[in-house]
Every structure is written in C-alpha cells, then in structure tokens.
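Novice:
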Amino acid sequence: MKLRIAFLLLLLVCLDSSGEEGERRPPFISTPGDVVERMLQLAGTQPGDLVVDLGSGDGRIVIAAAQKFGARGLGIELDEKLVERSRHNARLAKVADRVSFVHGDVLASDISRASVVTVYLLPSLLDRLQPRFVDELQPGTRIVSHAFAMAGWKPDRAETVRVTQPHPGQGDESTLYLWIVPAEARGLWQGGDLRLRIHQNYQDIEVEGTQGGKPIAVRRATLTGRDIAWETRAWSFRGRVEQNQILGKLNDVPLVFTRAR
-7 MKLRIAFLLL LLVCLDSSGE EGERRPPFIS TPGDVVERML QLAGTQPGDL VVDLGSGDGR
53 IVIAAAQKFG ARGLGIELDE KLVERSRHNA RLAKVADRVS FVHGDVLASD ISRASVVTVY
113 LLPSLLDRLQ PRFVDELQPG TRIVSHAFAM AGWKPDRAET VRVTQPHPGQ GDESTLYLWI
173 VPAEARGLWQ GGDLRLRIHQ NYQDIEVEGT QGGKPIAVRR ATLTGRDIAW ETRAWSFRGR
233 VEQNQILGKL NDVPLVFTRA R
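Position 239 (the sequence shown) corresponds to 231 in the working numbering; numbering is contiguous.
(1) At which residues does the alpha helix (DSSP H) containing L84 begin and terminate?
(2) Could you give the first and the last residue of the continuous beta strand (DSSP E) run that contains I197?
(3) Put L121 into one of helix, strand or coil per three-state DSSP.
(4) Measure the Cβ-Cβ separation of L168 and E151 and say whether it is below 8 Å.
(5) Could you please give me the residues that DSSP links to T110 through a beta bridge?
(6) Check the C-beta distance from N243 over to W227 and give it rounded, since I have them as a contact under 8 Å.
(7) Taking 8 Å as the cut-off, does the region 61 to 78 touch the region 90 to 106 (at least 3 CB pairs, one atom from each stretch)?
(8) I'd like the list of long-range same chain contacts for R230, defined as Cβ closer than 7 Å, with 5 residues on each side in sequence excluded.
(9) For my contact list, A175 and P131 are in at a C-beta cut-off of 8 Å; report their separation, rounded to the angstrom.
(10) Determine the DSSP secondary structure at D102, reduced to helix, strand or coil.
(11) Helix, strand or coil for R211? Go by DSSP, reduced to three states.
(12) In chain order, what residues of the same chain have a beta carbon less than 6 Å from the beta carbon of A35, not counting five sequence neighbours either side?
(13) R(-4) to R187, Cα distance in whole Å?
(14) Sort D119, G51, Q122, V126 by Cα distance to L70 and report the nearest one.
(15) Thinking C-alpha only, which one of G201, G179, N193 is nearest T224?
(16) Here's the rule I'm using: 16 or more other beta-carbon atoms within 10 Å means buried, otherwise exposed. How should A177 be labelled?
(17) From which residue to which residue does the alpha helix (DSSP H) around R30 run?
(18) So does the region 36 to 50 actually touch the region 109 to 118, counting three or more Cβ pairs closer than 8 Å?
(19) Closest by CA to D196, which one among T23, K206, W181, W145?
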C-alpha cells in the first residue's frame, strides 16, 4: 500500500505544474466509478445532504450523489473547462436541477453549508484545508478522502476498495478515509452535582469528573459529531453537545450540563 501511495504521489508531482498555482491546480485524475459510489456510501449520503466536492473534475461524484442518493451537490473546480464539462454531464444525467458547479479555488471557497465533503487532493492541500474543516463545517459533517489522509487527525474509519479497472498509481484497489467533524466539547462543564473537565483532540476525548466534590472515574468517553457519551461504574450518560450546553440523559434521567468557569 505504501508503495502504491508513493507512486501515486510521484505521478501527481510529475504531472503537476510548479509553484503555488500548480499546487492549487493539481492534475485531473478521475476517481474510479467503484470508488465514487463507495465514498458516498461511507459518508452515509442521504436525500437531505448537500455534497460538496472539492476539486470536482468532471463532476462525477456530485452527479452520482444526486443520481443514486437523491442528494444535492456542489462541485468546486479551478479548471474552467472541467466546470463546463461537469455542467454538460449533469444535463446528460438529468440532475442539473439538483447540482451546480462553480469555478473556484478550494482553499478560498465557502464550504460551510456542506453536510458531506468529498476530496481527492494532494496531501499538501488537505493539510491546508484541515483547519477550515474544523472551524467552518458544522459538527457531524462527514468528510471522505480518496487515497490520502490528513496529518494529525486520525480518521474515524478507513477502508480499502477493490476496483474493477486498475487506477493510475494505485493498481486494483483504493483507500478511503472518513472523518466526522466533532463538536467543541473541551473545557469545564457543570450538571447538577457533577463537574467535568473534558480534554479533546479532534474526536478523541478524556473526561475527568467529580460528584459532590469527590473524584469519580470516568471511562469509555466518546465523541461523534455532536453525540457524546461516557460511563462510570454507577451510571452512563448519553447526550449531544449544543454550543454551551450538553443535553442528555444520565441513566435515563434528563440532565443538562452547562459550560462552567
């Protein structure tokens, strides 16, 4: 796998132009059809979603999202000729009323409305987009990358897809990575006589707590989008992070945590 990724990177670099403009305009290598559908499945794409494809090429991911999953779609592409080709392909697929394609720079375009983001971009571009994913996308937004992972943010899931036709630099399989944008849960929280401190690194959290001023051992803490959960020996909590509150149930009893100082 490492050899295939290295070869693909070499291929992209050899095809690419030099300088920052070249980095923003990576060569167009299409995503195989098998991979397109699996990317959208991995994201759990549904009719209510807005799928934003960054570096949308000929529009195949956005078109598939509308055709096969009933979603709306937006493709952002730096190559104007590919934008026109995408619009033509959408008309042929009879989904032009559900998708749109714009000429733009993925590093500067508005992505805040997306509920699903798909990417097939060089790692250098992914690393530059990563802070925007966390800051601008809503918690629960799903991000799926073909072939390349983001540095420092481990994926919620990764899987290998077999392709029916060999793909440049990857042979007969491709790796997909899924991230779910986490809510901002770090900090101090107070709920009844429970006081918690949550430490957070993306979706990974650790919870320290006291109850009535006495330390409690919190375990199995998880954060998926807005959904948060943890346990002690005596009880379990399931809830959702909503800005300055965590709304949930402690052993089926409603409980609200608010940010504390």
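Backbone N, C-alpha and C define an ideal beta-carbon position, used for all residues, glycine too.
Model, not experiment: these values are computed from the prediction.
Specialist: Checking against the coordinates, here is how it stands:
(1) Annotation: the continuous alpha helix (DSSP H) that includes L84 extends over 72 to 84.
(2) Its beta strand (DSSP E) spans residues 196 to 203.
(3) Correct three-state label for L121: helix.
(4) It is a contact, given that the beta carbons lie within the stated cut-off.
(5) T110 has D45, V136 as its beta-bridge partners, per DSSP.
(6) Yes, they are in contact, since the Cβ atoms of N243 and W227 sit about 5 Å apart, within 8 Å.
(7) They touch, by the three-pair rule.
(8) The beta carbon of R230 sits closer than 7 Å to the beta carbons of A221, G240, K241 from its chain, once the five residues preceding and following it are set aside; these are given in chain order.
(9) With a Cβ gap of about 4 Å, A175 and P131 count as contacting.
(10) Here DSSP, grouped into helix, strand and coil, assigns D102 to coil.
(11) Looking at R211 - three-state DSSP - the assignment turns out to be strand.
(12) Within its own chain, the residues whose Cβ lies closer than 6 Å to the Cβ of A35, once the five positions on either side in sequence are excluded, are V108, R134, V136, listed in chain order.
(13) Any reading at R(-4) needs caution, since the residue's pLDDT is 45, under 50, leaving its predicted position unreliable; the model's value is listed next. In this structure, the alpha-carbon of R(-4) lies about 49 Å from that of R187.
(14) Per the Cα distances, G51.
(15) Ranking G201, G179, N193 by Cα distance to T224 puts G201 first.
(16) Label assigned to A177: buried.
(17) That run of the alpha helix (DSSP H) goes 25 to 34.
(18) Look at the beta carbons and you see the region 36 to 50 touching the region 109 to 118: at least three pairs across the two are nearer than 8 Å.
(19) Ranking the options by Cα distance to D196, first place goes to W145.
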